[in-house]
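In this note's numbering, the protein residues as written are 157 to 571. Where is the CB? At the ideal position from N, CA and C, for every residue including glycine. As the structure is a prediction and not an experimental result, all values here were calculated from the model.
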């Protein structure tokens, strides 16, 4: 028996939610419908054919209407992403990609289903639910009472009246949300809440220096990779960095550079990418980043696909940092034997964390430079750059032209 229109919509939904795996989609559908194992409604190939037709025509009907134009590919991808984002939200009531798109945009016609051109007061709560304001019934009655003051009893609302209610509620929401005061700092870009669930007033900070530094590191270390020719180099200002990570290939390559062979290159989708294969790459990158020790809580593939700057930079720094610290070993730095203190064995040194070994290395060179100052952290102890000046002078080749002039500038400034 051929599946109904509603069942076809559900099948498409489960297909997208299961990373375009037809077998998994059919299992999920049968479980949802409480069907016996192996029973209908379609074969694996049948579902694939139905989805292919849906993506081509935008229709789930057996025979699409004559003269219907195919839906553009970018619209198909946007709608498919919305289906995945919404997860358990109902999609069964729609019969085409255009229907899904209309549902996403929530036109006024969805509030006024009978087409009379106005909204019954009794339906106000449902209408507000659709546009994102889930109010208790008593509060909805209060809104209607406020509109009735000085007027006759309201049984119907025009579109302008509904729009005014919506604007007032939105204004109240913005006013009531606590806005954290963030002082304006040089080279610090503040971004508003970037998710539909974010509260108004949420801010995220992005340092321009980090953006530039990470872009430069990527260009230097991966610039010759043939698989990244379409992405690199990143512009010197780093502004295009967030777009470059959206297909997931660059992130996978960075992870393999920091921790070789973490990802099997054959598992990376590199050609003829669609929204689904990009999503697979991003999911692979996130899972691999977590495997090498990155904290990926509150980051998912959709955040990276949207290029959210604070999340992209946060993840990149973790991956790059792990790669840099992985090089602090005897294999990469035989000179570490010089850092063994009297009474210690080499095994004692190698038990230290990479940060502790790096701190000891800095203090070793400060001692050789005849400086009494030592550091115990990489935050407050180095913020005046005095340590950097001594360290660079100590490790630079004699003919490199490194001087101590930076310290003289500080002394002159103090006087």
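Point to revise | Limits of the unbroken alpha helix (DSSP H) element including residue 461 | key: In the chain shown, residue 461 corresponds to position 305, counting from 1. Per DSSP, residue 461 is one residue of the alpha helix (DSSP H) stretching across 457-461.
Practice item. Could you name the residues that DSSP lists as bridge partners for residue 530? Key: Translated into the one-based positions of the chain shown, residue 530 becomes position 374. Residue 530 is not bridged to any residue.
Check your understanding: Going by other Cβ atoms of all chains shown within 10 Å of its Cβ, with 16 needed for buried, is residue 396 buried or exposed?
Key -> Against the chain shown, residue 396 aligns to sequence position 240. Residue 396 should be labelled exposed.
**Study point:** Inter-stretch contact (C-beta, 8 Å, three-pair minimum) for the segment 499-514 and the segment 424-437
**Key:** Touching, no, given that fewer than three Cβ pairs across the two stretches are closer than 8 Å.
Check your understanding: Which of the three DSSP states, helix, strand or coil, is assigned to residue 297?
Key -> Start at 1 with the first residue of the chain shown, and residue 297 comes out as number 141. Correct three-state label for residue 297: helix.
Review point. Apart from the five residues on each side of it in sequence, which residues of its chain come closer than 8 Å, Cβ to Cβ, to residue 463?
Key: What you label residue 463 is simply residue 307 of the chain shown in a count that begins at 1. Within the same chain, and ignoring the five residues on either side of residue 463 in sequence, the residues whose Cβ sits closer than 8 Å to its Cβ are 398, 399, 401, 402.
Check your understanding: With 16 other CB atoms within 10 Å as the buried threshold, where does residue 380 fall?
Key -> Translated into positions along the chain shown, residue 380 becomes position 224. By the 10 Å Cβ count, residue 380 comes out exposed.
Check your understanding: The alpha helix (DSSP H) spanning residue 542 covers which residue range?
Key -> Translated into positions along the chain shown, residue 542 becomes position 386. That run of the alpha helix (DSSP H) goes 542-551.
Practice item. Could you have a look at residue 558 and say whether DSSP puts it in helix, strand or coil? Key: On the chain shown, position 402 is the one that residue 558 refers to. Reduced to three states, the DSSP call for residue 558 is coil.
Point to revise | Spatially closest choice to residue 427 from 410, 404, 448, 442, by CA coordinates | key: Counted from its first residue, the chain shown places residue 427 at position 271. Residue 404 holds the alpha-carbon nearest to the alpha-carbon of residue 427 among 410, 404, 448, 442.
Point to revise | For residue 527 and residue 546, believed in contact at Cβ under 8 Å, the rounded distance | key: For the purposes of this step, residue 546 is taken as residue 390 along the chain shown, with counting starting at 1. For the purposes of this step, residue 527 is taken as residue 371 along the chain shown, with counting starting at 1. A Cβ-Cβ distance of about 5 Å is found for the pair residue 546 and residue 527, placing them in contact under the 8 Å criterion.
**Study point:** For residue 492 and residue 549, the rounded distance between their alpha carbons
**Key:** Taking the chain shown and counting its residues from 1, one reaches residue 549 at position 393. Taking the chain shown and counting its residues from 1, one reaches residue 492 at position 336. Near 20 Å, if we compare the C-alpha coordinates of residue 492 and residue 549.
Exercise for review: Drop a sphere of 10 angstroms on the beta-carbon of residue 263, count the other beta-carbons inside from all chains shown, and report buried for 16 or more, exposed for fewer.
Suggested key: Residue mapping note: residue 263 aligns to position 107 of the chain shown, counting from 1. Its pLDDT being 43, under 50, residue 263 is placed unreliably in this model, and the value from its coordinates should be taken loosely. Answer is exposed; the Cβ neighbour count stays below 16.
Practice item. Spatial neighbours of residue 371 within its chain, please: CB distance less than 6 Å, with the 5 preceding and 5 following residues excluded, ordered by chain position. Key: Walking along the chain shown from the start, residue 371 turns up at place 215. Once the five neighbours on either side are set aside, the close Cβ partners of residue 371 are 390, 394, 397.
Practice item. Determine the burial state of residue 559: buried for a count of at least 16 other Cβ atoms within 10 Å of its Cβ, exposed for fewer. Key: In the chain shown, counting from the first residue as 1, residue 559 sits at position 403. In this structure residue 559 is exposed. Its beta-carbon is surrounded by fewer than 16 other beta-carbon atoms within 10 angstroms.
Check your understanding: Where do the ends of the alpha helix (DSSP H) carrying residue 281 lie?
Key -> Residue mapping note: residue 281 aligns to position 125 of the chain shown, counting from 1. Looking at the DSSP string, the run of the alpha helix (DSSP H) that includes residue 281 is 280-286.
Practice item. Could you tell me whether the segment 463-473 touches the segment 484-500, where touching means 3 or more Cβ pairs closer than 8 Å? Key: No, the segment 463-473 is not in contact with the segment 484-500.
Check your understanding: Ordered along the chain, which non-local residues of its own chain (more than five positions away) have a Cβ less than 8 Å from that of residue 290?
Key -> Indexing the chain shown from 1 puts residue 290 at position 134. Cβ within range, chain order: 284.
Check your understanding: In the structure shown, what three-state DSSP assignment does residue 291 receive?
Key -> Reading the chain shown from its first residue, position 135 is the one you call residue 291. Correct three-state label for residue 291: coil.
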